[in-house]
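In what follows, a structure is listed as structure tokens, so that the remarks can point back to it.
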Amino acid sequence: MGATGNADSRIVPEALRRGHEVIAIARNPDKLQAHPKLTARRGDVNN
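Positions 114 to 160 (my numbering) are the ones given, in order, by the sequence shown.
The following block contains the structure:
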């Protein structure tokens, strides 16, 4: 899932809070707060 957009920036933390493992795609993954169950990858709709 994308991770830094309007809705997704709320969904990712909630999913992590509930104990889910999340694989997130973001143009700038450095914007995401580190979490042991979060795998962040750089990407956008073009790649």
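Note that CB positions come from ideal geometry on N, CA and C, so glycine has one too.
Since this is a predicted model, take the numbers as computed values, not measurements.
Minimum C-alpha distance to residue i - residue among the options
i, options, result
"R140", "H148, A147 and V158", "V158"
Buried or exposed (CB count within 10 angstroms, at least 16 for buried), residue i
i, result
"A147", "exposed"
"A120", "exposed"
Beta-carbon gap between residue i and residue j smaller than 8 Å
i, j, result
"P142", "A153", "yes"
"K144", "H133", "no"
Whole-angstrom C-beta distance between residue j and residue i, which should lie under 8 Å
i, j, result
"I138", "G156", "4 Å"
Inset, instruction - Please list the segments of the alpha helix (DSSP H) lying wholly inside the stretch 116 to 145, counting only runs of 4 or more residues, in order along the chain. - result: 121 to 130
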